[in-house]
Each structure stands twice: as structure tokens, then as C-alpha cells.
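Chemist: In the working numbering, the protein residues as written are 18 to 280. Pasting in a structure now, in C-alpha cells, and then I'll have a few things to ask.
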Ligand SMILES: Nc1ncnc2c1ncn2[C@@H]1O[C@H](COP(=O)(O)OP(=O)(O)O)[C@@H](O)[C@H]1O
Ligand SMILES: [Mg+2]
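As C-alpha cells, then:
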């Protein structure tokens, strides 16, 4: 059974220049334990979709169901990682991870143990007492990931979590996220505009059209796990990337190059 299902979803913003249709006729499903990427160009409505699933934004039309119930507001069984780590600068890393435990009024002692375990999971056990300003961008983002998992949500929503990172940190973080996902057994809705990132991480990719966004293609990524740096040199990895690039080149007004150069 699908954990999450959006049907004929539409979101129209009202702005000073008139209504802006961000999503229209958008369909998507996410299976239990599945890693789904939503891939699309800038401005096509990806963050809008994430906000709807997070219960932060009400759709103008269509239905969104999570665990068989309509989404009516933020829910404790959802964890969110935003593009920026959004940590509280005056709290150390461990206290930042504990934030959802405090806001949801969960047991603090159990929360502390879970937070410490998650700091280990994201490879930051030695940095619990560090403040955000003492951590690199990649480390802060990993604290954000630990925070999104501390209340043990069934669904993890990630909005371009690595977009602000440099290329090397980004590759490292993709490996980390795959490891965390495989260990924690969550369902993930991962938003990105990076084709290689989507292919590397996903079980399935939903490709969105330009605004107003709707799903124009779904692609299963049949590559063995755990995926490694070698995966990125695999012929099939390049084939998936090329297939998606061709799709973008055919669909969008600002096409990207058709072929990946061979290394
Ligand atoms: N609060 C808002 N008011 C008006 N327009 C908005 C608002 N938020 C987003 N938009 C517009 O909706 C479209 C989709 O935005 P967004 O979901 O953030 O796209 P993406 O995340 O894919 O870059 C964009 O054209 C954006 O300018
Ligand atoms: Mg966005």
C-alpha cells in the first residue's frame, strides 16, 4: 500500500502580479520504505509539493493522503530537511537534534539516547557539544538530517538538502544518506534538480514538467545497493542520466547537454 498519494494536486499562489499556478494535475505515490526523488527544473513547484506533503500549505485542488488519511497540517510522523540546515545558533548540535523531541513533548531521556545514536549514525558523535558556527556546512546539514529523524518519523521529506554544498561534500553526503536510509528503513521523498543525485539515490524518479508542475515521467532505477562511487562509473548509471537529460532537452525551453562525456 502507498504510504503517500497525491492525486490531481493543484496549488495556485496569489501574488501582487496575479495568481501563480505552481502545481496542476500533479500525481505521485510513495511506497513504504521507498526512496522517491522528485526531479524538475528550478521554479517548477518542487518545494510547493514538499510543503503540501509537510502539511504547511493547503492545496487549491486535488487530494493528498498520508497513511490513508488526508493531510490537514504538520504531523509528528513526518521529518523535514530543508535546503538550509536552519539550526538554532545558540544551541549545540545535540540540543538542535533534540528540538522535535521538545516541541512534540516526547520523553526527554529517551530522546537524548536517540539523539546520541543519530549523531553516531551521521558520523558526528564527537561534535555533540559544538555550536553550529563551529561546524562546516556539510556537518550542519548532517545535524539537520539527525534532527529530522529523532522523533522516528515514517516519512522523511528532503528539499534539495545538498544543493548548497560543494561537489565533494555533496558526493560524500549522498553516500551518507544512502547508508542512513538503508539503516533506518524510512520512506523518503527527496527533492532535487540534479540528475546524477536523483539516479544515485533513488528507487524511482518522478520527473516534473515546467511550472505548473505535474509528473511527466516516472523512471525505476534498477541499480544494486549499496551504490558506491563505482556505481557512478557504471554504464547503466550513465544510461539513466542520459535518458533523463534527453527528456529534459525535449521538454524544456532551456535544454541541458544531451550526452554525458565519457571519463
Ligand atoms: N508564496 C508564493 N507566492 C507566490 N508565488 C510563489 C510562492 N512560492 C512559490 N511561488 C512560485 O511558485 C513557483 C514554484 O515555486 P517552488 O515550489 O518554490 O519551485 P521549485 O522548488 O521547483 O524551485 C515559482 O514560480 C515560484 O516563484
Ligand atoms: Mg525549491
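Ideal Cβ placement from N, Cα and C applies to all residues, glycine included. Bear in mind that the values here come from a model prediction, so they are computed numbers and not experimental data.
Can you tell me whether residue 63 sits near ligand 2, meaning its C-beta is under 7 Å from at least one heavy atom of the ligand?
Modeler: Residue mapping note: residue 63 aligns to position 46 of the chain shown, counting from 1. Checking the Cβ of residue 63 against ligand 2 gives yes.
Chemist: Within 8 Å, do at least three Cβ pairs link the segment 157 to 168 to the segment 79 to 98?
Modeler: yes
Chemist: Within the chosen definition, does the segment 180 to 197 reach the segment 220 to 229 through at least 3 CB pairs nearer than 8 Å?
Modeler: no
Chemist: How about residue 151: is its Cβ closer than 7 Å to a heavy atom in ligand 2?
Modeler: As a first step, residue 151 is located in the chain shown; it is residue number 134 there, counting from the start. It does not: the Cβ of residue 151 is nowhere closer than 7 Å to a heavy atom of ligand 2.
Chemist: By DSSP's criteria, residue 95 is part of a beta bridge. Which residues make up the other side?
Modeler: Taking the first residue of the chain shown as 1, we reach residue 95 at position 78. 172.
Chemist: Using alpha carbons as the reference points, say which of 184, 112 and 34 lies closest to residue 147.
Modeler: On the chain shown, residue 147 is found 130 positions in, with the first residue counted as 1. Ranking the options by Cα distance to residue 147, first place goes to 112.
Chemist: Can you list, in chain order, the residues of its chain whose CB lies under 6 Å from that of residue 152, leaving out five sequence neighbours each side?
Modeler: Your numbering for residue 152 matches position 135 in the chain shown. Counting only Cβ-Cβ distances below 6 Å, and skipping sequence neighbours, we find nothing.
Chemist: Between residue 214 and residue 125, what straight-line distance do the alpha-carbon atoms span, to the nearest angstrom?
Modeler: Locating residue 214 in the chain shown gives position 197, counting from the first residue. Locating residue 125 in the chain shown gives position 108, counting from the first residue. So the alpha carbons of these two residues sit roughly 36 Å apart.
Chemist: Taking residue 136 as part of the alpha helix (DSSP H), name the residues at either end of that continuous run.
Modeler: Reading the chain shown from its first residue, position 119 is the one you call residue 136. 125 to 138 is the span of the alpha helix (DSSP H), which, as asked, contains residue 136.
Chemist: Under a three-way DSSP split, which group does residue 28 fall into?
Modeler: For this step, residue 28 is matched to residue 11 along the chain shown. Here residue 28 sits in strand by DSSP.
Chemist: Can you check which of these residues, 51, 158 and 85, is closest to residue 104 by C-alpha distance?
Modeler: Within the chain shown, numbered from 1, the residue matching residue 104 stands at position 87. Nearest option by C-alpha distance: 158.
Chemist: Going by Cα to Cα distance, which pick from 256, 224, 225 and 233 is closest to residue 239?
Modeler: Numbered from 1 along the chain shown, position 222 holds the residue referred to as residue 239. For the residues 256, 224, 225 and 233, the minimum Cα distance to residue 239 belongs to 256.
Chemist: On a CA-only basis, which of 91, 115 and 42 is nearest residue 79? Give me that one, please.
Modeler: Position 62 of the chain shown, counting from 1, holds the residue named residue 79. It is 42.
Chemist: Can you look up residue 64 in the DSSP assignment and give me helix, strand or coil?
Modeler: Stepping through the chain shown from its first residue, residue 64 is reached at position 47. Of the three classes helix, strand and coil, the one that applies to residue 64 here is helix, per DSSP.
Chemist: Does the separation of the CB atoms of residue 102 and residue 227 fall below 8 Å?
Modeler: Sequence index remark: in the chain shown, residue 102 carries index 85 (1-based). Sequence index remark: in the chain shown, residue 227 carries index 210 (1-based). Their beta carbons are not under 8 Å apart, which means residue 102 does not touch residue 227 by this criterion.
Chemist: Are residue 207 and residue 73 closer than 8 Å when you measure CB to CB?
Modeler: On the chain shown, position 190 is the one that residue 207 refers to. On the chain shown, position 56 is the one that residue 73 refers to. No, they are not a contact pair.
Chemist: Apart from the five residues on each side of it in sequence, which residues of its chain come closer than 7 Å, Cβ to Cβ, to residue 24?
Modeler: Working through the chain shown from its first residue, we reach residue 24 at position 7. Counting only Cβ-Cβ distances below 7 Å, and skipping sequence neighbours, we find 44, 79 and 80.
Chemist: Does the beta-carbon of residue 67 have 16 or more other beta-carbons within 10 angstroms, so that it is buried, or is it exposed?
Modeler: Taking the first residue of the chain shown as position 1, residue 67 is located at position 50. Buried is the call here.
Chemist: Considering only residues of the same chain and omitting the five flanking positions on each side of residue 229, which have a CB-CB separation below 7 Å?
Modeler: Position 212 of the chain shown, counted from the start, is the residue given in the question as residue 229. Excluding residues within five positions, the ones whose Cβ falls inside 7 Å are 38, 39, 40, 41 and 62.
Chemist: Considering only heavy atoms of ligand 1, does any lie closer than 7 Å to the CB of residue 77?
Modeler: Start at 1 with the first residue of the chain shown, and residue 77 comes out as number 60. Not under cutoff, so the answer is no.
Chemist: Pick helix, strand or coil for residue 39, following the three-state DSSP scheme.
Modeler: To locate residue 39, count along the chain shown from 1; it is residue 22. Reduced to three states, the DSSP call for residue 39 is strand.
Chemist: Count the other CB atoms, across all protein chains shown, that sit within 10 Å of the CB of residue 107; report buried if there are 16 or more and exposed otherwise.
Modeler: Taking the chain shown and counting its residues from 1, one reaches residue 107 at position 90. Classification for residue 107: exposed.
Chemist: Looking only at DSSP bridge pairs, what is residue 221 linked to?
Modeler: The residue labelled residue 221 in the question sits at position 204 within the chain shown. DSSP lists 53 and 237 as partners of residue 221.
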